[in-house]
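Q: One structure follows; several queries about it will come next.
Numbering (the numbering used here), first residue to last: 8 to 210.
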């Protein structure tokens, strides 16, 4: 497989152009043109799986993202942006951005463009071995075999992957600038509660 990485988003701020600077979001170049809707349709199965995982991991964030997309679609319609409306109509993901990464080593890093309170969902597929995901500031190492799905705050958690073979990753995330643009509130950080506190077992 040819190494590479592309970003896919129906609505995106150009590099260095944020809402505070008076700029407006646009359809990302990879989804422009007559083939853009077909690309989004081809993503739908992967998008639904990632969205369902977020609904389980962080349901409040899931519904906040649904609200964000509704507000964004209304803004696009009111400004006559038919290309953006069409692409959002076919989008099956609550995430507003996705990266498809093919055969690229992934050094330890963070993702400053994603929401710190949000979860990024990373799914891996391919014929490879020795897949290992490192969450370095949590001192966690995960076996990252084909078919694995990992959710974490890419903005906060330093993460990286090593492997041998052919591998494709779908990385689903939310750009904070899009939430800020439409003014939708985001929930607080997800919290962990020990199951034992809420479950009683009778003999």
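Glycine included, C-beta positions come from ideal geometry on N, C-alpha and C.
#1: Assuming residue 123 and residue 162 make a contact with CB atoms under 8 Å, what is their CB distance in whole Å?
#2: Cβ of residue 14 less than 8 Å from any chain B Cβ?
#3: Let me know the secondary structure DSSP gives residue 69 once reduced to three states.
#4: For residue 207, which residues of its own chain have a beta-carbon under 7 Å away from its beta-carbon, when the five flanking residues on both sides are left out?
#5: Quick one: which unbroken beta strand (DSSP E) runs of 3-plus residues sit fully inside the region 92-150? Chain order, please.
#6: Between residue 152 and the rest of its own chain, which residues show a CB-CB distance below 6 Å, the 5 nearest in sequence each way excluded?
#7: Assuming residue 38 contacts residue 193 under a Cβ cut-off of 8 Å, what Cβ separation, rounded to an integer in Å, is found between them?
#8: Report yes if the C-beta distance between residue 73 and residue 12 is below 8 Å; otherwise report no.
#9: Since residue 94 and residue 34 are thought to touch, with beta carbons under 8 Å apart, how far apart are those beta carbons, to the nearest angstrom?
#10: Residues in its own chain within less than 8 Å of residue 164 by CB, not counting five upstream and five downstream?
#11: Which term fits residue 195, buried or exposed, when burial requires 16 or more other beta carbons within 10 angstroms of its beta carbon?
A: Once the coordinates are examined:
#1: The residue labelled residue 123 in the question sits at position 116 within the chain shown. The residue labelled residue 162 in the question sits at position 155 within the chain shown. So it is a contact: roughly 4 Å between Cβ atoms.
#2: Any reference to chain B falls outside this structure, which holds one protein chain only.
#3: Start at 1 with the first residue of the chain shown, and residue 69 comes out as number 62. Here residue 69 sits in helix by DSSP.
#4: As a first step, residue 207 must be located in the chain shown, where it is residue number 200. Legend: pLDDT at residue 207 = 47, less than 50; position of this residue unreliable, no value from coordinates given.
#5: 104-109, 113-116, 127-142 and 147-150
#6: As a working note, residue 152 is residue 145 in the chain shown. Hits under 6 Å: 138.
#7: Within the chain shown, numbered from 1, the residue matching residue 38 stands at position 31. Within the chain shown, numbered from 1, the residue matching residue 193 stands at position 186. About 24 Å; that fails the 8 Å criterion.
#8: On the chain shown, residue 73 is found 66 positions in, with the first residue counted as 1. On the chain shown, residue 12 is found 5 positions in, with the first residue counted as 1. Cβ distance not < 8 Å, so residue 73 and residue 12 don't count as in contact.
#9: Here residue 94 refers to the residue found at position 87 when the chain shown is read from its first residue. Here residue 34 refers to the residue found at position 27 when the chain shown is read from its first residue. 6 Å between Cβ atoms; contact.
#10: For the purposes of this step, residue 164 is taken as the residue at position 157 of the chain shown. The answer, listed in chain order, is 117, 142, 144 and 145.
#11: Mapped onto the chain shown, residue 195 falls at position 188. With fewer than 16 other Cβ atoms within 10 Å, it is exposed.
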